[in-house]
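Student: Numbering (the numbering used here), first residue to last: 378 to 491.
I have a structure I would like to understand better, so I am pasting it below and will then ask my questions one at a time.
Below, the structure written as structure tokens:
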């Protein structure tokens with residue numbers, strides 16, 4: 378289980394955005410992003426980061442309290458202890474008050490020739 382120093386999320390919102398703050402769940406703890414740029418309003422881009430400094434069991438992007446949030450794509454940059462920074466891309470999803478999307482991915486396995 379890797380220790381996450383920090384992560385940064387970039388979200389491109391589709392036609393149906395949301396006006397409320399964007400939240401995530403890290404190991405089942407609902408938190409708001411730090412260092413927010415932009416918004417999750419319709420057609421806008423949102424960026425937020427968070428210094429976790431903890432071991433990752435799960436990481437999800439949370440849907441709005443009311444309504445729906447159409448996400449066109451998500452990019453997550455992970456800064457994991459003793460690893461090179463890595464980036465993962467996710468496709469379109471629609472979130473609501475009862476849904477979350479898993480944005481955690483283990484670091485890539487080192488490859489080497491034998």
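Glycine residues also receive a C-beta, built at the ideal position from the N, C-alpha and C atoms.
Excluding five sequence neighbours on each side, which residues of the same chain lie with their C-beta closer than 6 Å to the C-beta of residue 380?
Tutor: The answer, listed in chain order, is 432 and 458.
Student: For residue 423 and residue 415, which I take to be in contact (beta-carbon distance under 8 Å), what is that distance rounded to the nearest angstrom?
Tutor: 5 Å
Student: Would a C-beta distance cut-off of 9 Å place residue 410 and residue 437 closer than the cut-off?
Tutor: Result no, Cβ atoms of residue 410 and residue 437 do not sit closer than 9 Å.
Student: Starting from residue 409, follow its DSSP beta bridges and name the residues at the other end.
Tutor: 400
Student: By alpha-carbon positions, which one of 476, 390 and 467 ends up nearest to residue 453?
Tutor: 467
Student: Considering only residues of the same chain and omitting the five flanking positions on each side of residue 439, which have a CB-CB separation below 7 Å?
Tutor: Once the five neighbours on either side are set aside, the close Cβ partners of residue 439 are 400, 401, 402, 407 and 477.
Student: Kindly list the residues whose CB is nearer than 7 Å to the CB of residue 417, restricted to its own chain and excluding five residues on each side of it in sequence; keep chain order.
Tutor: 388, 390, 394, 395, 399, 423 and 446
Student: Considering only C-alpha positions, which residue in the set 472, 464, 471 and 485 is nearest to residue 378?
Tutor: 485
Student: Whole angstroms are fine: how far does the CA of residue 435 sit from the CA of residue 469?
Tutor: 20 Å
Student: Leaving out five residues on either side along the sequence, give the residues of the same chain with a beta carbon under 6 Å from the beta carbon of residue 413.
Tutor: 425
Student: Locate the beta strand (DSSP E) running through residue 478, then write down its first and last residues.
Tutor: 477 to 479
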